[in-house]
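Residue numbers (this note's numbering): 4 to 251.
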């Protein structure tokens with residue numbers, strides 16, 4: 004614990020800790036987010052303005068580094084069309100071709116890097132299903148059949164639950180995907196088979212209040228903070244009482 008506290012003391016915000024010491028941050032999550040490790044860190048989102056976002060941008064060598072390490076400041080300047088004031092304007096290419104996309108893609112390490120530097124080329128390749136030719140296959144959130152609704156509790160976060168829909172075919176695959184992306188762990192999982200998964204999910208997401216993480220990831224907007232009464236109400240909506248819950 005002392006080593007973890009010492010590592011966290013190097014940073015001013017929780018987001019900086021997450022980005023700068025990934026293994027230590029995961030250990031912090033695994034221990035249930037103990038207050039003594041990060042109670043000195045700022046957990047609120049920084050409010051950017053043109054001056055502060057521009058100063059932050061100047062700390063980064065290129066747009067990719069800026070987007071990856073200071074997403075809030077990047078989005079502030081990007082939405083206002085101000086990125087060209089800090090970084091060299093992106094090249095404007097109208098006539099994209101396979102060979103040209105291949106050439107420009109070879110300059111980029113990642114799809115997201117390519118999209119930032121050559122948005123037109125990325126769009127050209129994406130619309131033709133050719134991105135895998137230049138960057139290999141990528142695996143997104145598994146598609147589901149929408150015949151199962153799930154609820155799972157988050158380890159170390161009492162009264163916080165993830166709501167979602169999946170399929171009997173995929174089992175807990177989507178749950179594992181979200182927990183991996185968010186560097187969190189499912190403590191207990193409830194699965195309910197239904198032919199109305201979409202409507203049931205919508206009703207469940209109206210119960211309790213949203214739980215906001217300090218970082219965004221796939222599925223992060225579907226976590227709810229609920230009292231025991233509210234949670235039991237969710238179980239009843241799914242057609243089973245608390246005693247009849249199936250654990251996965």
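Backbone N, C-alpha and C define an ideal beta-carbon position, used for all residues, glycine too.
Exposure label - residue 58; buried when at least 16 CB within 10 Å: exposed
Best match in 118, 103, 162 and 34 for proximity to residue 210 [C-alpha to C-alpha]: The shortest C-alpha to C-alpha distance from residue 210 to any of 118, 103, 162 and 34 is the one to 162.
Buried versus exposed, by CB contacts within 10 Å (16 or more), residue 116: buried
Exposed unless 16 or more other CB atoms sit within 10 angstroms - verdict on residue 9: exposed
Residue 144 versus residue 165 - alpha carbon distance: A caution first: residue 144 carries a pLDDT of 46, below 50, which makes its placement in the model unreliable, though a value can still be read off. Taking the straight line from one Cα to the other gives about 15 Å.
Alpha carbon of residue 226 to alpha carbon of residue 215, nearest angstrom: 8 Å
Pairwise C-alpha distance: residue 89 and residue 16: Whole-angstrom Cα-Cα distance: 25 Å.
Identified DSSP bridge partners for residue 167: 153
Inter-stretch contact (C-beta, 8 Å, three-pair minimum) for the stretch 20-38 and the stretch 183-195: The stretch 20-38 and the stretch 183-195 touch, with no fewer than 3 CB-CB distances between them shorter than 8 Å.
Any beta strand (DSSP E) of 3 or more consecutive residues that is wholly inside the stretch 6-47: none
Check whether residue 129 and residue 193 have beta carbons under 8 Å apart: Not closer than 8 Å, so no.
Simplified DSSP assignment, three categories, for residue 212: DSSP places residue 212 in strand when its eight states are reduced to three.
Option in 69, 218, 101 and 217 with minimal Cα separation from residue 87: 69
Given residue 38 as reference, the closest of 242, 7 and 77 once Cα atoms are compared: Closest by alpha carbon: 7.
As assigned by DSSP and simplified to three states, the class of residue 192: For residue 192, the secondary structure class from DSSP, reduced to helix, strand or coil, is strand.
Nearest-angstrom Cα separation, counted from residue 126 out to residue 142: Note that residue 142 has pLDDT 45, beneath the 50 cutoff, so the model's placement of it is unreliable and the number below is only indicative. About 19 Å.
Burial state of residue 230, where buried means 16 or more other Cβ atoms lie within 10 Å: Exposed: under 16 other Cβ atoms inside 10 Å.
Extent of the continuous beta strand (DSSP E) to which residue 228 belongs: 226-228
Residue environment, residue 60, which counts as buried when at least 16 other CB atoms sit within 10 Å: buried
Spatial distance of residue 5 from residue 11 (CA atoms): 10 Å
When 240, 181, 36 and 135 are compared against residue 206, the one with the closest alpha-carbon: Relative to the Cα of residue 206, the nearest Cα in the group 240, 181, 36 and 135 belongs to 240.
Expected contact under 8 Å - CB spacing of residue 212 and residue 190 to nearest Å: About 20 Å; that fails the 8 Å criterion.
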